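Student: Counted the way this note's numbering counts, the sequence shown spans residues 5 to 441.
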Amino acid sequence: MANKITKQEKNLVTVEITVDSNEVEKAYKQASQNLGKQVSIPGFRKGKVPASILEKHVGEGSIIEEAMDIMLPPAYGKALVELDLDPIERPKVDIVSFDKNGQAVFTVDIQVVPEGVLGDYKGLKLQRKLVDLDENYVDSELEAMRTKTAKIETTEDPAEHGDTVVIDFEGYVDEVQFEGGTGSKYPLEIGSNSFIPGFEEQLIGIKAGENRDVSIKFPDEYHSEDLKGKESLFKVLVHEVKRKKLSELNDDFAKEVSDFDTLEELRNDVKLSITNQKQQQADNSLRAQALDLAIEKIEVEIPEIMVVERTNQFLKDIEGDLQQQGMELQKYFELTGMTEEKVREEYRANAEKHIKRDILLDAVAVAEKIEVTKEDLEKEITAIAQVYGQEKSMLDTYFEAPENTKMLAKGIKREKALQSILEQAEITDIKDEKIEE
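Structure follows, in structure tokens:
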């Protein structure tokens with residue numbers, strides 16, 4: 005099999021693919037078998053029709069068409085890997101020649117990712133946040149751990165901020181109940197801001213068994229058109245008031261929530277964890293700065309199809325996240341007042357930025373002559389196996405496919421390209437409060 009680029013204009017590439025006689029013969033034979041199972045010819049069982057008889061019955065052209073369907077996907081995929089091409093839409097295919105006893109030649113017109121004209125990506129002036137952890141961060145995290153592990157007790161005392169009240173409620177607008185405005189034995193934490201602004205605060209001081217009328221105005225930007233800006237009255241009955249009982253911060257607490265024996269050990273571990281997290285945030289911020297500045301300097305015309313496809317992917321990601329939460333995309337649109345068109349418009353700029361980022365890093369990789377070694381691939385596969393808890397041997401099998409290896413190598417190459425940009429940048433270390441946004 006031979007592949008070669010015969011023509012290239014901007015991001016439109018014509019590739020000539022030649023399939024050798026062995027592959028043609030196998031594909032033609034398979035095509036004959038496939039069609040033979042679909043037709044009925046007197047005197048022959050389905051699937052047992054000789055090729056010469058089948059050709060007369062269905063026509064050689066039909067068999068060639070079926071053979072092309074068999075040959076094209078693997079031949080096309082191999083050509084993309086061999087010629088390092090990244091198509092952005094389905095190719096246009098033309099048969100140049102087809103000899104069932106010899107070679108087959110066809111051309112594909114492919115619209116590929118455009119190449120960008122790099123600006124000066126070297127010597128970028130960047131600011132890096134220094135990680136200087138305030139002990140207050142550690143205190144806050146320990147308090148969060150106390151809250152998370154707190155024991156919940158029912159109390160007869162009046163409800164306070166942070167308590168959970170179990171309530172029945174009925175909502176009225178103009179003395180008429182409205183849809184979605186009722187609930188039974190609903191657990192509401194006062195201060196969680198999960199209800200309409202102003203609702204939770206009015207339950208402070210209420211006791212179990214008491215009724216209370218809560219008057220509030222729906223926000224002007226509320227998602228329901230029927231309730232926007234409307235005055236409302238909620239009749240509330242409290243069944244229970246529940247209060248968190250926090251453990252004392254001592255060695256016993258450390259043993260309860262961790263594998264450490266002392267509070268000091270737990271505190272040190274929490275501090276290290278937060279420090280690592282803030283360091284990761286600082287590193288991500290530095291990477292984002294570098295990409296934003298370098299993207300501004302690249303010149304590239306992005307085909308509309310790429311923007312549409314990337315936006316489609318964003319929508320699929322949103323839908324997948326919502327489904328994990330048990331919500332359909334249409335329901336999300338109803339609750340947020342959004343539409344698919346609005347989401348597409350909102351994500352369009354982000355899609356263009358992501359596309360420019362990839363084109364930028366690919367161009368830098370070429371300019372810096374960045375290569376991906378076998379050791380790079382092995383290291384990345386091992387890391388992926390660890391993250392997803394899979395056997396490396398399973399991933400090795402997956403990445404035996406050239407197209408999958410190409411995808412993995414491209415990700416590694418882009419990461420190396422970004423590291424090259426950072427290594428050649430002028431980085432100034434600045435404390436958090438002095439960072440210029």
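Where a beta carbon is used, it is the ideal one built from N, C-alpha and C, also for glycine. None of these values were measured; they are calculated from a predicted model.
(1) Over what stretch of residues does the alpha helix (DSSP H) that includes N354 continue unbroken?
(2) Comparing C-alpha positions only, which one of A387, E145, R291, I68 sits nearest to K512?
(3) Tell me which same chain residues have a C-beta within less than 8 Å of the C-beta of D296, skipping the five on either side of it?
(4) Measure the beta-carbon distance from A71 to A6 and round it to whole angstroms, keeping in mind my assumption that it falls under 8 Å.
(5) Counting only runs that start and end within the segment 239-297, where is the beta strand (DSSP E) found for 3 or more residues in a row?
(6) Distance check for Y190 and L84, CA to CA, integer angstroms please.
(7) Please work out which residues of its chain come closer than 6 Å, Cβ to Cβ, to V240, disregarding the five sequence neighbours upstream and downstream, and give them in chain order.
(8) Under 8 Å, with one C-beta from each stretch per pair, do the segment 419-432 and the segment 358-378 reach the 3-pair mark?
(9) So who's on the other strand from F173, going by DSSP bridges?
(10) With a threshold of 6 Å on Cβ separation, who are the neighbours of E440 within its own chain once the five nearest residues in sequence on each side are excluded?
(11) DSSP on D73, reduced to helix/strand/coil?
(12) Measure the alpha-carbon distance for S44 versus I99 and round it to whole angstroms.
(13) Between the segment 396-406 and the segment 372-385, can you find at least three pairs of beta-carbon atoms closer than 8 Å?
(14) Across which residues does DSSP place S101 in a beta bridge pair?
(15) Can you list, in chain order, the residues of its chain with a C-beta nearer than 6 Å to that of K438? Leave out the 5 residues immediately preceding and following it.
(16) For my contact list, S36 and I67 are in at a C-beta cut-off of 8 Å; report their separation, rounded to the angstrom.
(17) Using DSSP bridges, identify the partner residues of D217.
(18) For the beta strand (DSSP E) containing E338, list its first residue and its last residue.
(19) Assign N288 to one of two classes, buried (16 or more other C-beta atoms within 10 Å of its C-beta) or exposed (fewer than that).
(20) First and last residue of the alpha helix (DSSP H) that includes L426?
(21) Assign T377 to one of three DSSP states: helix, strand, or coil.
(22) Is the distance from the Cβ of K234 to the Cβ of V177 below 7 Å?
(23) According to DSSP, P91 sits in a beta bridge with which residue or residues?
(24) Quick check: what's the CA-CA separation for K435 versus Q283?
(25) If you compare alpha carbons, which of E29, V117, G106 is closest to I92?
(26) Could you name the residues of the same chain whose beta carbon sits closer than 7 Å to that of T343, not counting the 5 residues immediately before and after it, in chain order?
(27) For my contact list, A79 and I9 are in at a C-beta cut-off of 8 Å; report their separation, rounded to the angstrom.
(28) For the alpha helix (DSSP H) holding I309, just list the boundary residues, first then last.
(29) For E147, which residues in the same chain have their Cβ closer than 7 Å to its Cβ, ignoring the five residues on either side in sequence?
(30) Can you give me the Cβ contacts of G166 inside the same chain, cut-off strictly under 6 Å, excluding the 5 residues immediately before and after it?
(31) Counting contacts by CB-CB distance shorter than 7 Å, is E160 in contact with chain C?
(32) Helix, strand or coil: which one does DSSP assign to Q42?
(33) Can you tell which of D103, F222, P307, A405 has the C-alpha that lies nearest to the C-alpha of K14?
(34) Exposed or buried, L134, counting other C-beta atoms within 10 Å across all chains shown (16 or more means buried)?
Tutor: Per the coordinate set shown:
(1) 344-371
(2) Absent from the structure is residue 512, since the part of the chain shown begins at 5 and ends at 441.
(3) none
(4) Rounded, the Cβ-Cβ distance is 18 Å, inconsistent with contact.
(5) none
(6) Rounded to whole angstroms, the gap between the alpha carbons of L84 and Y190 is 57 Å.
(7) Contacts found: I171, F173, R216, V218.
(8) yes
(9) G187, V240
(10) Because E440 carries a pLDDT of 41, less than 50, the predicted location of this residue cannot be relied on, and the following value inherits that uncertainty. No residues qualify anywhere along the chain.
(11) helix
(12) Their Cα atoms are separated by approximately 29 Å.
(13) yes
(14) Note: S101 sits in a beta bridge opposite V109.
(15) With a pLDDT of only 40 at K438, under 50, the local geometry of the prediction cannot be trusted, and the value read off the model is given with reservation. Nothing meets the Cβ criterion.
(16) Your pair S36 and I67 checks out as a contact, with CB atoms roughly 6 Å apart and the cut at 8 Å.
(17) Paired residues: K239.
(18) Here E338 belongs to no beta strand (DSSP E); instead the alpha helix (DSSP H) covers 333-340.
(19) exposed
(20) 406-427
(21) coil
(22) Contact: yes.
(23) V116
(24) 12 Å
(25) V117
(26) F337
(27) Going by Cβ atoms, the distance from A79 to I9 rounds to 15 Å, so no, they are not a contact pair.
(28) Unbroken alpha helix (DSSP H) run through I309: 308-328.
(29) none
(30) Listed in chain order, the non-local C-beta contacts of G166 below 6 Å within the same chain comprise G195, local neighbours out to five positions each way being set aside.
(31) You won't find chain C in this structure, because it holds only one protein chain.
(32) coil
(33) P307
(34) exposed
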